[in-house]
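In the numbering used here, the protein residues as written are 3 to 130.
These notes are about the structure you will find just below.
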Amino acid sequence: MKYLGYVESGNDKCASSVVLPDFPGCFSAVDNEQDLNSSVQEAVELHFEGEEFDLPTPLTLGEVQNLPDFDYSGVWMWFDIDTDKISTKLQRVNITMPKNILTKLDTLATSQHISRSGMVRQLVEGVQ
Numbered sequence: 003m004k005y006l007g008y009v010e011s012g013n014d015k016c017a018s019s020v021v022l023p024d025f026p027g028c029f030s031a032v033d034n035e036q037d038l039n040s041s042v043q044e045a046v047e048l049h050f051e052g053e054e055f056d057l058p059t060p061l062t063l064g065e066v067q068n069l070p071d072f073d074y075s076g077v078w079m080w081f082d083i084d085t086d087k088i089s090t091k092l093q094r095v096n097i098t099m100p101k102n103i104l105t106k107l108d109t110l111a112t113s114q115h116i117s118r119s120g121m122v123r124q125l126v127e128g129v130q
């Protein structure tokens, strides 16, 4: 999904910065402007890490041009944010695994008093 970011170019002493008004408090800075896209994606992922939220509807160019905090010497740019990497919306999946692995998964989940889905989520997140 495309979101607008306010970009201020840097110089030899100062990094270029991006502020994303759709995600209050989310910003990024880079020394090389070619890294803006990946830096913005990373900033959004870190901004929402571990949070449950609804994705905001992107502001329009007309809406952001009237925001009082963005009347400096920067420019508005569109950034394509991979929202699948930050969405916490639950999604049903079907997986196949050997019976002995499924038995181990169920035993582990039962020992921690959580569901099979909860156990898979914890294992993927690296939390046990």
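Every residue gets a Cβ at the ideal spot worked out from N, C-alpha and C, and that includes glycine.
Remember, it's a predicted structure, so these values are computed and weren't measured experimentally.
DSSP three-state label for residue i, please.
i    : result
E10  : strand
Q130 : For Q130, the predicted structure reports a pLDDT of 47, less than 50, and the residue's modelled location is therefore unreliable. A value from the coordinates is still provided. DSSP places Q130 in coil when its eight states are reduced to three.
F25  : coil
D33  : coil
V95  : coil
S41  : helix
C16  : coil
Relative to the C-alpha of residue i, which residue among the options is closest?
i   : options               : result
V77 : R123, V126, L63, T112 : L63
V6  : A17, C16, N39         : Checking the displayed sequence, the identity of residue 6 turns out to be Leu instead of Val. Residue N39 is the option with its Cα nearest to L6.
S89 : V42, E54, A31         : E54
Where does the unbroken alpha helix (DSSP H) through residue i begin, and where does it stop?
i    : result
D108 : 101-113
G52  : Note, G52: premise wrong, no alpha helix (DSSP H); not H, not E.
Would you mind reading off the limits of the beta strand (DSSP E) that contains residue i?
i   : result
F72 : No beta strand (DSSP E) contains F72, which DSSP labels as neither H nor E.
F81 : 77-82
Stretch-stretch touch, CB-based, cutoff 8 Å, three pairs: the region 18-31 with the region 44-53 = yes
Are there three or more Cβ pairs, one per stretch, closer than 8 Å when the region 65-73 is compared with the region 29-43?
-> no
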